[in-house]
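Below is one structure; the comments refer to it alone.
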Amino acid sequence: PPDWPSTAVTYLAVPSPSAQLPKDARLTYCSPPLVPVPNQPPKLEIRKIIQKSHPAFGEFGLFYVGKHKLEKGTWIRDYLGYVHTEPESSPTSSYDLSLHRSNIPSSSIAIDATSMGNESRFINDYRRILEKPNAEFETREWELPGARGKAVRMSVWAGPKGIGVGEEICVSYGKGFWQERSKEKEKIEKKVREWSDAEGTEHA
């Protein structure tokens with residue numbers, strides 16, 4: 049896209065599979081789309097956030113810039129990225145979504161848009177931006193040829209009240225995301241205190 053930020057993030061048109069991804073999962077989650085998207089792709093714009101009060105100040109957000117309100121259930125974009133098994137997950141990633149959960153970690157599949165993805169990776173959490181999220185994650189599916197099952201894409205859809213022209217598109221990252229972020233912050237603060245105490249002891 050012409051407004052793709054000049055960052056180290058690679059733009060994807062289809063999901064990118066991990067070398068460790070099982071063959072059946074590769075078929076399910078990374079097959080090229082064989083059916084038309086549910087509707088004409090809405091016009092979007094990736095913008096740098098310049099409002100200091102915005103929780104993503106200095107980063108980016110995704111905005112709807114079409115001519116008419118997006119109605120409830122309108123497909124916006126698929127969520128693309130690096131499709132991988134659970135053991136490959138990065139504990140610090142803010143872009144990792146679960147696609148399939150299993151009691152066997154190597155059978156659990158997720159998609160991470162940290163270093164590669166499409167417009168959807170720039171969607172922010174709604175907290176401190178909107179009263180409620182105006183979009184939501186939901187999968188879409190289609191039949192694979194040769195009776196090989198279904199292909200699955202994680203997608204972003206307009207929420208119950210739709211999305212107005214010019215609005216930033218926001219989802220809920222979920223309480224689990226923020227709980228993990230809080231734990232990471234506590235770990236970092238603890239390490240900083242330990243380093244500070246150690247330096248104080250050395251100079252005492």
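My numbering numbers the first residue of the sequence shown as 49 and each following residue consecutively.
Cβ atoms here follow ideal geometry from the backbone N, Cα and C, with glycine treated the same way.
Predicted, not measured: the structure shown is a model, and the values here were computed from it.
Residue of the options minimising C-alpha distance to residue i
| i | options | result |
| --- | --- | --- |
| residue 61 | 167, 150, 103 and 138 | 167 |
| residue 16 | 175, 112, 142 and 214 | The displayed coordinates of the chain run from 49 to 252. Any statement about residue 16 would go beyond what the structure contains. |
| residue 125 | 197, 54, 63 and 177 | 63 |
| residue 127 | 186, 177 and 121 | 186 |
| residue 54 | 80, 100, 108 and 79 | 108 |
| residue 147 | 87, 123 and 199 | 199 |
| residue 152 | 134, 141 and 142 | 134 |
| residue 217 | 81, 181 and 188 | 181 |
| residue 57 | 76, 202, 169 and 179 | 169 |
Residue i - containing beta strand (DSSP E), residue span
| i | result |
| --- | --- |
| residue 126 | 123-126 |
| residue 144 | 144-148 |
| residue 94 | 92-96 |
| residue 184 | 183-191 |
| residue 132 | 130-133 |
| residue 203 | 198-206 |
Residues near residue i in its chain [Cβ-Cβ closer than 7 Å; skip 5 each side]
| i | result |
| --- | --- |
| residue 118 | 90, 112, 206, 210 and 211 |
| residue 221 | 173 |
Three-state class that DSSP yields for residue i in the structure shown
| i | result |
| --- | --- |
| residue 155 | helix |
| residue 75 | helix |
| residue 215 | coil |
| residue 50 | coil |
| residue 111 | strand |
| residue 168 | helix |
CA-to-CA distance, residue j to residue i, given in whole angstroms
| i | j | result |
| --- | --- | --- |
| residue 213 | residue 184 | 17 Å |
| residue 192 | residue 160 | 23 Å |
| residue 51 | residue 163 | 17 Å |
| residue 157 | residue 129 | 12 Å |
| residue 105 | residue 74 | 36 Å |
| residue 81 | residue 100 | 40 Å |
Cβ neighbours of residue i in the same chain (closer than 6 Å, five flanking residues each side left out)
| i | result |
| --- | --- |
| residue 83 | 190 |
Contacts around residue i, its chain only, beta-carbon distance under 8 Å, and the 5 residues preceding and following it disregarded
| i | result |
| --- | --- |
| residue 137 | 144, 158 and 160 |
| residue 120 | 206, 207, 208, 209 and 210 |
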